[in-house]
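Residue numbers for the sequence shown follow this note's numbering, so the first one is 6 and each next one is one higher.
Just so it is clear, CB atoms sit at the ideal spot from N, CA and C, and this is done for glycine as well.
None of the values given here were measured: they were computed from a predicted structure.
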Amino acid sequence: MSEHINVLLPEEEVDARIQAMGEQISRDYAGKQVHLICVLKGGSFFLCELAKRITVPVSLDFMSVSSYGGGTESKGVVKIVKDLDESIRDKDVLVVEDIVDSGRTLSYLLEMLRSRGPKSLRLCTLLDKPERRVVDVDVDYTGFQIPDKFVVGYGLDYDQRYRNLPYIGIVEFDEA
Ligand code: IMP
Ligand code: MG
């Protein structure tokens with residue numbers, strides 16, 4: 006099956022929104038150090054752009070979980086593929102995600118991180134598909150709410166491709 010990509014959010018719009026999110030986070034964490042946790046691989050592009058726009062001290066760590074196979078549907082199975090390098094105890098932790106879809110991955114992840122004793126724990130996502138929510142997740146910072154479409158770009162993939170697109174696009178599948 007072949008596919009093509011229709012632009013949903015152009016690069017300038019995404020960049021402007023990330024700038025505003027960086028300013029908001031800088032205000033909210035004034036006088037503190039924010040410890041950003043990037044959920045690989047999808048969150049990596051957003052993390053870099055966001056971190057550059059945060060003006061309070063920032064530290065970073067990465068983790069990798071898998072919840073999807075090769076397709077576009079969540080399997081509801083969350084596996085830690087790579088854990089954090091450092092302890093988050095007593096840190097002001099901000100989890101940086103590409104997208105909240107069913108919410109299964111994040112609700113599992115947030116519960117697990119909360120059990121490790123951070124001083125605070127918040128969630129920042131570039132995209133949110135509220136129509137798809139199966140499990141409740143409190144999102145503290147949202148870039149864009151988007152319709153129930155499968156999207157790629159800015160870190161998001163379809164079968165590991167398209168992560169490098171500098172915009173968010175909708176995947177349209179062509180007839181065979
Ligand atoms: P959830 O557990 O259903 O909320 O799914 C979370 C993960 O599924 C995200 O971090 C993405 O990796 C992936 N995902 C969900 N929706 C999309 C999409 O539209 N495009 C690409 N990946 C997606
Ligand atoms: Mg993700």
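query                                                                                            : result
Segment contact, 8 Å Cβ cut-off, at least three pairs: the stretch 145-159 with the stretch 6-17 : yes
Cα-Cα separation, Q150 to T130                                                                   : 10 Å
Selection from G47, R127, K134 and V70 that minimises the alpha carbon distance to H40           : R127
Reduced DSSP secondary structure (H/G/I, E/B, other) of S31                                      : helix
H9 and E180 closer than 7 Å at C-beta                                                            : no
Where V86 falls, given that 16 or more other Cβ within 10 Å makes a residue buried               : exposed
Proximity of R166 and D153 at Cβ, strictly below 7 Å                                             : no
N- and C-terminal bounds of the alpha helix (DSSP H) containing Y113                             : R109 to R119
Given 8 Å, three or more beta-carbon pairs between the stretch 47-60 and the stretch 97-112      : yes
Own chain residues within Cβ distance below 6 Å of I173, not counting five before or after       : L13, L14, V156, G158 and Y159
Sequence-distant residues of its chain with Cβ nearer than 6 Å to L65 (five each side left out)  : L41
Beta-carbon separation (whole angstroms), I59 vs G148, contact threshold 8 Å                     : Not a contact, Cβ separation roughly 14 Å.
R166 Cβ short of 6 Å to ligand 1 heavy atom set                                                  : no
Proximity to V70 [Cα-Cα], best of Y34, M6, K84 and L111                                          : K84
Inter-residue Cα distance where the pair is R109 and L115                                        : 10 Å
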